[in-house]
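Undergrad: Top to bottom, those sequences are chains A and B. Here the first sequence stands for residues 406 to 679, numbered as in this note's numbering. Here the second sequence stands for residues 4 to 238, numbered as in this note's numbering. Cβ atoms here follow ideal geometry from the backbone N, Cα and C, with glycine treated the same way. The structure presented is a predicted model; accordingly, all values stated were derived computationally and were not measured.
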Amino acid sequence: MSRRSFQRSLSAALPLFAAGLLLAFLVVPVVALVLSTGLSEALSGLSNPLAISALGLSLLTTTCSLLVVLLLGTSLAWQLARRTGRGWRAVATLVQLPIVIPPAVSGLALLLAFGRRGLLGPWLERAGIGLPFTTAAVVLAEVFVSAPFYVQAAAASFRRLDPSLLLVARSLGAGPARTFFRVAVPLSLPGLTTGAALSWSRALGEFGATLMFAGNLQGRTQTLPLAIYTAMESDLGAAKAMSLVLVVVAFGLLLLVGRRAQSFLGGEGARRAA
Amino acid sequence: MLDARLELRRGSFRLSVDFSVGTGPVLVTGPNGAGKTTLLLGVLGAVRPTSGRLVLFGEVLFDSAAHVSLPVEERHVAYVPQDSGLFPHLSVRDNVGFGLFRLAPDARAARVEAALAQLGATALAERRPSNLSGGERQRVALARALAMKPRALLLDEPLASLDAPSRVRFRDFLAEHLRRLDVPALVVTHEPEDARVLGGEMLVLEAGHVAERGHVEALRESPVSAFSRAFWAQS
Numbered sequence: 406m407s408r409r410s411f412q413r414s415l416s417a418a419l420p421l422f423a424a425g426l427l428l429a430f431l432v433v434p435v436v437a438l439v440l441s442t443g444l445s446e447a448l449s450g451l452s453n454p455l456a457i458s459a460l461g462l463s464l465l466t467t468t469c470s471l472l473v474v475l476l477l478g479t480s481l482a483w484q485l486a487r488r489t490g491r492g493w494r495a496v497a498t499l500v501q502l503p504i505v506i507p508p509a510v511s512g513l514a515l516l517l518a519f520g521r522r523g524l525l526g527p528w529l530e531r532a533g534i535g536l537p538f539t540t541a542a543v544v545l546a547e548v549f550v551s552a553p554f555y556v557q558a559a560a561a562s563f564r565r566l567d568p569s570l571l572l573v574a575r576s577l578g579a580g581p582a583r584t585f586f587r588v589a590v591p592l593s594l595p596g597l598t599t600g601a602a603l604s605w606s607r608a609l610g611e612f613g614a615t616l617m618f619a620g621n622l623q624g625r626t627q628t629l630p631l632a633i634y635t636a637m638e639s640d641l642g643a644a645k646a647m648s649l650v651l652v653v654v655a656f657g658l659l660l661l662v663g664r665r666a667q668s669f670l671g672g673e674g675a676r677r678a679a
Numbered sequence: 004m005l006d007a008r009l010e011l012r013r014g015s016f017r018l019s020v021d022f023s024v025g026t027g028p029v030l031v032t033g034p035n036g037a038g039k040t041t042l043l044l045g046v047l048g049a050v051r052p053t054s055g056r057l058v059l060f061g062e063v064l065f066d067s068a069a070h071v072s073l074p075v076e077e078r079h080v081a082y083v084p085q086d087s088g089l090f091p092h093l094s095v096r097d098n099v100g101f102g103l104f105r106l107a108p109d110a111r112a113a114r115v116e117a118a119l120a121q122l123g124a125t126a127l128a129e130r131r132p133s134n135l136s137g138g139e140r141q142r143v144a145l146a147r148a149l150a151m152k153p154r155a156l157l158l159d160e161p162l163a164s165l166d167a168p169s170r171v172r173f174r175d176f177l178a179e180h181l182r183r184l185d186v187p188a189l190v191v192t193h194e195p196e197d198a199r200v201l202g203g204e205m206l207v208l209e210a211g212h213v214a215e216r217g218h219v220e221a222l223r224e225s226p227v228s229a230f231s232r233a234f235w236a237q238s
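#1: To the nearest angstrom, report how far apart Ser581 of chain A and Trp483 of chain A are at their CA atoms.
#2: Give a yes or no on whether 9 Å exceeds the smallest Cβ distance from Pro161 of chain B to chain A.
#3: I think Gly512 of chain A touches Ala602 of chain A, with their Cβ atoms under 8 Å apart; what is that distance to the nearest whole Å?
#4: If distances are taken between C-alpha atoms only, which option among B:Leu11, B:Pro91, B:Asp97 and B:Phe16 comes closest to Asp66 of chain B?
#5: Are the C-beta of Glu77 of chain B and some C-beta of chain A separated by less than 9 Å?
#6: Quick one: which chain A residues come within Cβ less than 7 Å of Val115 of chain B?
#7: Please confirm if Pro187 of chain B has its CB atom under 9 Å from at least one CB of chain A.
#8: Near His79 of chain B, what residues of its chain come up, given a Cβ to Cβ distance below 7 Å and the 5 sequence neighbours on each side ignored?
#9: Any beta carbon of chain B sitting closer than 9 Å to that of Ser480 of chain A?
#10: Would DSSP call Gly674 of chain A helix, strand or coil?
#11: Mind listing the chain A neighbours of Gly102 of chain B? Cutoff is C-beta to C-beta under 7 Å, in chain order.
#12: Quick one: what does DSSP say Phe65 of chain B is sitting in, helix, strand or coil?
#13: Bridge partners of Leu448 of chain A, per DSSP?
#14: Buried or exposed for Gly526 of chain A, going by 16 or more other Cβ atoms inside 10 Å?
#15: Could you list the residues in the segment 580–598 of chain A with a C-beta less than 7 Å from some C-beta on chain B, going in chain order?
#16: Per DSSP, which one or two residues make a beta bridge with Thr32 of chain B?
#17: Counting pairs of Cβ atoms below 8 Å between the segment 556–564 of chain A and the segment 589–601 of chain A, do you hit three or more?
#18: Closest to Arg587 of chain A by C-alpha separation, out of B:Glu160, B:Pro52 and B:His92, would be which residue?
#19: In terms of residue numbering, what span does the beta strand (DSSP E) encompassing Gly425 of chain A cover?
#20: Go to His212 of chain B, then tell me how far its alpha helix (DSSP H) extends in each direction, as first and last residue.
#21: Alpha carbon to alpha carbon, how far is Ser72 of chain B from Leu64 of chain B?
#22: In terms of DSSP beta bridges, what is Leu471 of chain A paired with?
#23: With 7 Å as the C-beta to C-beta threshold (strictly closer), list the residues of the segment 554–573 of chain A near chain B in chain order.
#24: Start and end of the beta strand (DSSP E) containing Ser2 of chain B?
#25: Where does Leu419 of chain A land, buried or exposed, given buried means 16+ other C-beta within 10 angstroms?
#26: Pick from A:Ser463, A:Ala424, A:Pro508 and A:Ser449: whose alpha carbon is nearest that of Ala541 of chain A?
#27: Check whether the Cβ of Glu673 of chain A lies closer than 9 Å to any Cβ atom in chain B.
#28: Buried or exposed for Ile534 of chain A, please, with buried defined as at least 16 other CB atoms from any protein chain shown within 10 angstroms of its CB.
#29: Is the number of C-beta pairs between the segment 618–629 of chain A and the segment 536–555 of chain A that are closer than 8 Å three or more?
#30: Go through its chain and collect everything with a Cβ distance to Leu106 of chain B's Cβ below 8 Å, but skip five positions before and after it.
#31: Would you report the Cα separation of Val543 of chain A and Val473 of chain A, rounded to the nearest angstrom?
#32: Could you name the residues that DSSP lists as bridge partners for Glu10 of chain B?
#33: State yes or no: is the beta carbon of Phe90 of chain B nearer than 9 Å to at least one beta carbon in chain A?
#34: Please state if the CB of Val95 of chain B and the CB of Pro132 of chain B are separated by a distance shorter than 9 Å.
#35: In chain A, which residues lie with their C-beta within 7 Å of the C-beta of Ala49 of chain B?
#36: With a 10 Å radius around its C-beta and 16 neighbouring C-beta atoms as the bar for buried, classify Trp528 of chain A as buried or exposed.
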């Protein structure tokens, strides 16, 4: 082999090798988790009281947080999509902040806002509301970290609506609400469901902010990720079983919305190029 | 029937028109950027004029002095955009019935069937807009607009998106329906042949002003503005 052709094959092989290395690094831990957990071990792990209560709590809190995100987030996304101007562009950036803030910092921030000595603490205390270390705090932490994923996807979806369709709906006598529910929402449904799925999976995996703001109390604030962390010290089988549940759910979501999710997370440019 | 005196700004563009039109087709033409679509949007209420007054069959739709500006949904003005604006998630039947939600179900169904039959679109009722040809889409859009019994009709280049054969067919069809209308219909067009077939009054807009107006045939015989001469020279 001449020196030049050797160099050519090396320069072709190197990027492939680098890509394969990273791919292996991403896949091997998940494979290890699946291979090391037998079916009987998984079943017995899931019957651990820690796992049962964490599963129930995760289901309850993520359902609540998803409902809050859908109710309030759809409205915010619609405003972001319809309004222009510097102020609204700043709001759009602000909404994405929880995506880049480290979860532990989010937890501390929530504590400083809603904690007993926090910014709104005195008012909440007067109203008889104590949030930190309650199930409600878990929901708040999940809403905080997961809402941006939904709002971003929903706003992108609303922005892609043909404005003349909305105008035609209005000209046919439909007021803003009817136009929104009968035209805008059905036409944006693929984007809205993708956003909801992304948001829900983020809430399901939430750990740091929950730990800081809601604590790790079994049956009250201990969601699946926190229960996995706790079980690592006492019952590795339960930790593995719960982890498997999260992996299976995540994989299911990926199959359901994976490709669409990529286009939403990739931003405007990625979608156009697609 | 439609009295329009409107001053309107969009960025650096300024539209300033003052005209009255009766029932039937009123063709609106002019060079690109003359304000044709802006005029339609102003009448529709999608763009708010800076000043002026808009009266349709005696009802004030907009009056800057009296601080009156009816929202789009209360004007009873039907609008058909260039690409027909059919809702892709609804069947033809549901598209046509979209504006009739205040009617009882029976009355709504009857009105939809009548509109579909009138426009020869009954056979298309169960189809989705994505399964319609360009001409069929425009026919359904017209059926939907007429089903709401509007007090005015705004058609933005209804023939522009059609290929040559369906354009000729739909043009004759449109002309026939516009002639029977008992409300004003502003129809934006770029084509002299379309204007000739559709007939009626014509407004020539230039740089946001009505540069010429009159019957299509009269304007064709003796065009005044440079745009008009060039426009009719195409035919």
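TA: Let me spell this out:
#1: Residue identity check: residue 581 of chain A is Pro in the sequence provided, not Ser. Spanning the alpha carbons of Pro581 of chain A and Trp483 of chain A requires a straight line of approximately 12 Å.
#2: So, not an interface residue.
#3: In this structure Gly512 of chain A does not touch Ala602 of chain A by the C-beta definition: roughly 24 Å separates them, more than the 8 Å allowed.
#4: Just measuring C-alpha positions, the residue of B:Leu11, B:Pro91, B:Asp97 and B:Phe16 sitting nearest Asp66 of chain B is B:Leu11.
#5: Glu77 of chain B counts as touching chain A.
#6: What Val115 of chain B touches in chain A: nothing, since even the nearest Cβ is about 13 Å away.
#7: For Pro187 of chain B, the answer is no, since every Cβ of chain A falls outside 9 Å of its Cβ.
#8: For His79 of chain B, where only same-chain residues beyond five positions count, the Cβ hits under 7 Å are Pro153 and Arg154.
#9: Put simply, the CB of Ser480 of chain A is far from chain B, with every gap to its CB atoms at 9 Å or more.
#10: Reliability fails at Gly674 of chain A, whose pLDDT of 38 lies under 50, so the model's placement of it is uncertain and the value that follows must be treated cautiously. Of the three classes helix, strand and coil, the one that applies to Gly674 of chain A here is helix, per DSSP.
#11: Listed along chain A are Leu577 and Gly578, each with a C-beta nearer than 7 Å to that of Gly102 of chain B.
#12: Look at Phe65 of chain B here: in three-state DSSP terms it is strand.
#13: Paired residues: none, contrary to the question.
#14: Here Gly526 of chain A is buried, its C-beta having at least 16 other C-beta atoms within 10 Å.
#15: Going along the segment 580–598 of chain A in chain order, one finds Gly580, Val588, Pro591 and Leu592 with a Cβ nearer than 7 Å to chain B.
#16: Paired residues: B:Val207.
#17: These segments touch.
#18: For the residues B:Glu160, B:Pro52 and B:His92, the minimum Cα distance to Arg587 of chain A belongs to B:His92.
#19: Note, Gly425 of chain A: premise wrong, no beta strand (DSSP E); alpha helix (DSSP H) at Arg408 to Ser441.
#20: Element bounds for His212 of chain B: not the alpha helix (DSSP H) but the beta strand (DSSP E), His212 to His218.
#21: Cα-Cα distance, rounded: 6 Å.
#22: DSSP output for Leu471 of chain A lists no bridge partner at all.
#23: If the cut-off is 7 Å between Cβ atoms, the segment 554–573 of chain A has Ser569, Leu570, Leu572 and Val573 near chain B.
#24: Residue 2 of chain B falls outside the range modelled here, since chain B spans only 4 to 238, and no answer is possible.
#25: Taking all protein chains shown into account, Leu419 of chain A has fewer than 16 neighbouring C-beta atoms within 10 Å of its C-beta and is therefore exposed.
#26: The residue from A:Ser463, A:Ala424, A:Pro508 and A:Ser449 with its alpha-carbon nearest to that of Ala541 of chain A is A:Ser463.
#27: Confidence at Glu673 of chain A is low in this model, with a pLDDT of 42, below 50, so its placement is unreliable and no value can be given for it.
#28: Exposed, because fewer than 16 other Cβ atoms sit within 10 Å of the Cβ of Ile534 of chain A.
#29: Output reads yes: the segment 536–555 of chain A touches the segment 618–629 of chain A.
#30: Excluding sequence positions up to five before and after Leu106 of chain B, its CB lies within less than 8 Å of the CB of Arg114, all in the same chain and listed in chain order.
#31: Straight-line measurement puts the Cα of Val473 of chain A at about 13 Å from the Cα of Val543 of chain A.
#32: Paired residues: B:Ser19 and B:Ser54.
#33: Using beta-carbon distances, Phe90 of chain B counts as an interface residue toward chain A, with a partner under 9 Å.
#34: Going by beta carbons, Pro132 of chain B and Val95 of chain B fall inside the 9 Å limit.
#35: Simply Leu572.
#36: Exposed, by the Cβ-count rule.
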